[in-house]
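Student:
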Amino acid sequence: MDTHLVIFQPSGRRGRVEKGKNLLEVSRELGVDIESVCGGQKTCGKCKVRVQEGFFERHGISSHPDHLSPLVDEEEKLLSDDEIAQGYRLACAAEVLGDVLLFVPEESRGGKQVVRKDVTLRKINLNPAVRTYSVKLDKPTPNPRTLKYLKVEMQDITTEDLDLTDDYQKMLSAQPIIIESTLPQLTELPVLTLPIQGQDEFLESSAYIQCTDRKIIDKAREVIGDEKIATNAVARLVAGVYNLLEKNPTASLPSALDVLEMKKGDCNEHAILFTALARAVGIPTKIYVGLVNLDGYAYYYHAWCAVWLGSWVAVDPTFNQFPADVGHLKLKEGEIAEQAVVLKVVGKLQIKMLEYSQ
Ligand code: FES
């Protein structure tokens, strides 16, 4: 196996790693905690590291920018010209091709750098209002985006106040809490046209979801064009919200109209704007809050949506997913305010991976 030496500063963690691995994977292998709000999707820009160039006698390493794979488009978008000139890379995009010495700037550090041998809970100080929490897994699982089925056990919590089931997420047992998630097959859904009939409660306007406001209706129409087939319209809206909003953690809980105005936000803003736009064109939509397994290593607090297409199908406008992958673990439905319940649970929860399949 072709391996290369990688050293992270300032922690000094080092190790020989397989050629071709990206630096985010390598950082995890070596116990270096780098922020990854988007879970390595190359959309958040939080995982910046700087390549040190030269021969570093003290570390016995010759490090060069060419020892990483070439810059990709996403890095050109998310890094400034100055940063690129200084040797900054996105850890999730840069792959190891040779020996490298890297500096992890303060802003990219996820917290205390430790090697995790057990499942532990850790608070990440990304944003005090959203209070991102994670539940680490003891051993990595394959990327949940490629899975069709996932079964987990949720430990140290009760089912009280939680909404753990829907059409594709089933609770197999309440004690212990065993949850299985299956990826919906879009081709098996009925062909519905807009506006969708029924589920009227999920077409209503609220203080945060102003789906009857002119600006929201106009935007929704602009995004879906003359599309009348519900699944196609949902796909356009998911991609539309994903492309419209800059990925940026925010410290408040704005309404859909505010989000449309600001054009940026984290998962809460994506979920609330998507819900308003979808309801505006007659797609019953609700908000889910819970956890998402971003990268096979940990579950993070997250908000996403579900649309009524003859069954409730989860969609994730933050990650441009229709349907949302099986790494999404819904804990509560309603509005974003339900996150309070979720955060209380996440403070205690342990998750054990039981089964998965491609
Ligand atoms: S983890 Fe989000 S851009 Fe790298």
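When you read off a place in the sequence shown, starting at 1, and then add 1375, the result is the number in this note's numbering.
Note that the Cβ used here is the ideal one computed from N, Cα and C, for glycine as well.
1. Tell me, please, which residues DSSP counts as bridged to Ser1556.
2. In the DSSP assignment, find the unbroken alpha helix (DSSP H) run with Val1407 in it and report its ends.
3. Where DSSP assigns a beta bridge to Leu1704, which residues make up the other side?
4. Gln1733: buried (16+ other C-beta within 10 angstroms of its C-beta) or exposed?
5. List the DSSP bridge partners of Leu1380.
6. Indicate the three-state DSSP secondary structure (helix, strand or coil) for Cys1419 in the structure shown.
7. Is it true that the stretch 1680 to 1687 meets the stretch 1601 to 1612, where meeting means three or more beta-carbon pairs spaced less than 8 Å apart?
8. Could you check where the alpha helix (DSSP H) with Leu1612 kicks off and where it finishes?
9. Check whether the stretch 1573 to 1593 and the stretch 1618 to 1632 are in contact - that is, three or more C-beta pairs closer than 8 Å.
10. Flag Thr1540 as yes when its Cβ comes closer than 7 Å to any non-hydrogen atom of ligand 1, and as no otherwise.
11. Decide if Phe1430 is buried, meaning its Cβ has at least 16 other Cβ atoms within 10 Å, or exposed.
12. From Gly1671 to Leu1522, what distance separates their C-alpha atoms?
13. Measure the beta-carbon distance from Phe1577 to Thr1660 and round it to whole angstroms, keeping in mind my assumption that it falls under 8 Å.
14. Spatial neighbours of Ala1655 within its chain, please: C-beta separation below 6 Å, excluding the five flanking residues on both sides.
15. Between the stretch 1393 to 1401 and the stretch 1448 to 1462, do at least 3 Cβ pairs fall closer than 8 Å?
16. Does Ser1483 come out as helix, strand or coil in the three-state DSSP assignment?
17. Under 7 Å from any heavy atom of ligand 1, does the C-beta of Ala1469 make it?
18. For ligand 1, any of its heavy atoms closer than 7 Å to the Cβ of Ser1483?
19. Smallest Cα separation from Val1701: which of Lys1707, Val1667, Ala1715, Gln1714?
20. Any contact between the stretch 1566 to 1576 and the stretch 1539 to 1558? By contact I mean 3 or more CB pairs, one from each, below 8 Å.
21. Enumerate in chain order the residues of its own chain whose CB-to-CB distance from Leu1564 is below 6 Å, with the five nearest sequence positions on each side excluded.
22. Smallest Cα separation from Ile1621: which of Gly1387, Arg1391, Lys1394, Asn1695?
23. State the DSSP-derived secondary structure class of Val1447, mapped to helix, strand or coil.
24. Would you grab the beta carbon distance between Val1664 and Cys1680 for me? Rounded to a whole angstrom, and I think it's under 8 Å.
25. Go to Phe1694, then tell me how far its beta strand (DSSP E) extends in each direction, as first and last residue.
26. Is the Cβ-Cβ distance between Lys1396 and Val1471 less than 8 Å?
27. Can you tell me whether Asn1618 is buried or exposed? The criterion is at least 16 other CB atoms within 10 Å of its CB, across all chains shown.
Tutor: According to the structure shown:
1. Leu1525, Gln1544
2. Where Val1407 is concerned, there is no enclosing alpha helix (DSSP H), given that its DSSP letter is neither H nor E.
3. According to DSSP, Leu1704 bridges with Leu1666.
4. The residue is exposed, with fewer than 16 neighbouring Cβ atoms inside 10 Å.
5. Arg1391
6. coil
7. yes
8. That run of the alpha helix (DSSP H) goes 1605 to 1619.
9. Touching, yes, given that three or more Cβ pairs across the two stretches are closer than 8 Å.
10. no
11. exposed
12. Gly1671 and Leu1522: Cα-Cα distance of roughly 11 Å.
13. Approximately 6 Å separates the beta-carbon atoms of Phe1577 and Thr1660; this is inside 8 Å, confirming the contact.
14. Cys1586, Ile1591, Ile1592, Ala1595
15. The answer is no - the stretch 1448 to 1462 does not touch the stretch 1393 to 1401, with fewer than three Cβ pairs under 8 Å.
16. Note: Ser1483 maps to helix in three-state DSSP.
17. no
18. no
19. Val1667
20. no
21. Leu1684, Gly1685
22. The residue asked about is misnamed: residue 1621 is Glu in this sequence, not Ile. The residue with the shortest Cα to Cα distance from Glu1621 is Asn1695.
23. Looking at Val1447 - three-state DSSP - the assignment turns out to be coil, as it is neither helix nor strand.
24. That belief does not hold up - the Cβ atoms of Val1664 and Cys1680 are roughly 10 Å apart, past 8 Å.
25. Looking at the DSSP string, Phe1694 is not in any beta strand (DSSP E), and its letter there is neither H nor E.
26. yes
27. exposed
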